[in-house]
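In the numbering used here, the protein residues as written are 35 to 328.
Ideal Cβ positions, reconstructed from N, Cα and C, are used throughout, including at glycine.
Quick caveat: nothing in here was measured; it's all calculated off a predicted structure.
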Amino acid sequence: MKLISFQDGRMPGIGVLDDAEGAVIDLSAAGLSSDMTSFIELGSEGLQRAMETCMDPVAVLDPEDIYLTAPIPTPRRNIFCVGRNYHDHAKEFHESGFDASEKDKVIPDHPMIFTKATTSVIGPGEDLDLSLDPTGTTDYEGELGVIIGPGGRGIAKDEAYNHVYGYTIINDMTARTLQHQHKQWFIGKSLDGYCPMGPCLVTADEIGDVAKLQLTTTVNGEKRQDAVVADLIFDIPTLIETISAGITLLPGDIIATGTPVGVGIGFDPPVFLKSGDTVAVTVSGIGTLETPVI
Ligand code: MG
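And the structure:
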């Protein structure tokens with residue numbers, strides 16, 4: 035099921051995107067939540083009710099009449115992110131001069147976890163405003179986002195996929211100079227608008243083998259990143275086990291799993307985003323997250 039969050043006039047809502055019919059089944063109008071996190075908390079019962087609503091809709095919307103927001107437009111807490119989680123990207127970042135962390139290691143021994151502020155989230159097609167980065171070194175990072183369903187602490191690897199609700203696309207936009215000069219990555223990763231997310235949340239049952247998903251990123255139509263999720267250094271079960279070891283994961287938590295090789299700082303000299311660019315991150319089975327840069 036492809037779940038979306040949207041604005042219909044001034045009202046927020048959630049729905050199911052029916053690609054074949056080019057229509058949106060309104061779940062909020064059917065009495066289900068208008069907030070994705072609350073809907074995720076309903077778990078399998080919520081999904082069952084959504085399926086029933088699709089078979090007997092209360093309201094069907096024309097996608098032209100609504101605009102999509104991020105699937106989780108206001109996460110209840112920061113987005114968990116993973117640094118250096120694809121081999122070739124770890125190398126390009128290490129050699130770029132923008133890495134202020136470990137000097138002697140290309141591949142980390144343990145997953146590098148940081149977070150992005152909730153206020154950095156924007157939806158598909160929303161503008162990224164470069165004026166918030168005074169250093170002019172903003173870069174894209176196309177990533178697969180994991181959405182947590184049932185929460186928990188101490189989740190073992192072999193149980194991890196039972197806690198995955200679904201997947202989305204995240205662009206972990208980064209102000210590189212801020213990332214470097216503050217050592218901790220938080221500021222450089224958390225400027226308003228620096229977490230484009232969407233266009234939808236695809237439930238895990240529809241994805242099947244997540245390792246087979248293909249991720250590509252283009253800038254103005256030019257392909258920059260192209261990888262399969264199977265290439266992750268630390269896979270999704272390892273990330274869930276690591277984060278949940280001592281931190282309780284909550285329904286609706288988001289984990290951005292890391293970016294593959296091909297970001298702007300991998301070029302010599304680095305190529306940063308500029309006004310007028312459009313970044314598009316595509317993940318097979320999910321869709322395309324497009325971000326115009328202003
Ligand atoms: Mg990243």
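Heavy atom of the ligand MG within 6 angstroms of residue i beta-carbon
{"i": "D206", "result": "yes"}
{"i": "T272", "result": "no"}
{"i": "T293", "result": "yes"}
{"i": "E175", "result": "yes"}
Own chain residues within Cβ distance below 7 angstroms of residue i, not counting five before or after
{"i": "F148", "result": "C115, G117, W219, F220, K223"}
{"i": "F132", "result": "R210, Q213, H214, I299"}
{"i": "K191", "result": "P271, T272, E275"}
{"i": "G80", "result": "L66, F73"}
{"i": "S154", "result": "S224, L225, D226, G227, Y228, C229"}
Nearest neighbour of residue i, chosen from the options [CA to CA]
{"i": "T293", "options": "R210, E324, D206, A314", "result": "D206"}
{"i": "L249", "options": "T316, F268, C229, L307", "result": "T316"}
{"i": "D69", "options": "T251, D90, Q41", "result": "Q41"}
{"i": "I320", "options": "I113, L51, R111, Y174", "result": "L51"}
{"i": "I106", "options": "Q259, G179, I141, G280", "result": "G179"}
{"i": "A279", "options": "A194, V198, I59, A54", "result": "A194"}
{"i": "Y199", "options": "G170, P91, P285, S165", "result": "P285"}
{"i": "T169", "options": "T322, L323, A314, L307", "result": "L307"}
{"i": "T108", "options": "H128, V295, T71, G242", "result": "T71"}
{"i": "T152", "options": "I289, L323, P326", "result": "I289"}
Residues near residue i in its chain [Cβ-Cβ closer than 8 angstroms; skip 5 each side]
{"i": "I163", "result": "The question names Ile, but residue 163 is Asp in the sequence shown. If we look at D163 and ignore the five residues flanking it on each side, its Cβ neighbours are D226, G227, I328."}
Sequence-distant residues of the same chain with beta carbon closer than 6 angstroms to residue i, five excluded per side
{"i": "V305", "result": "G298"}
{"i": "C88", "result": "V50, I59"}
Local Cβ density within 10 Å of residue i, reported as buried at 16 or more and exposed below that
{"i": "G49", "result": "buried"}
{"i": "H216", "result": "exposed"}
{"i": "R111", "result": "exposed"}
{"i": "E126", "result": "buried"}
{"i": "N119", "result": "buried"}
{"i": "Y201", "result": "buried"}
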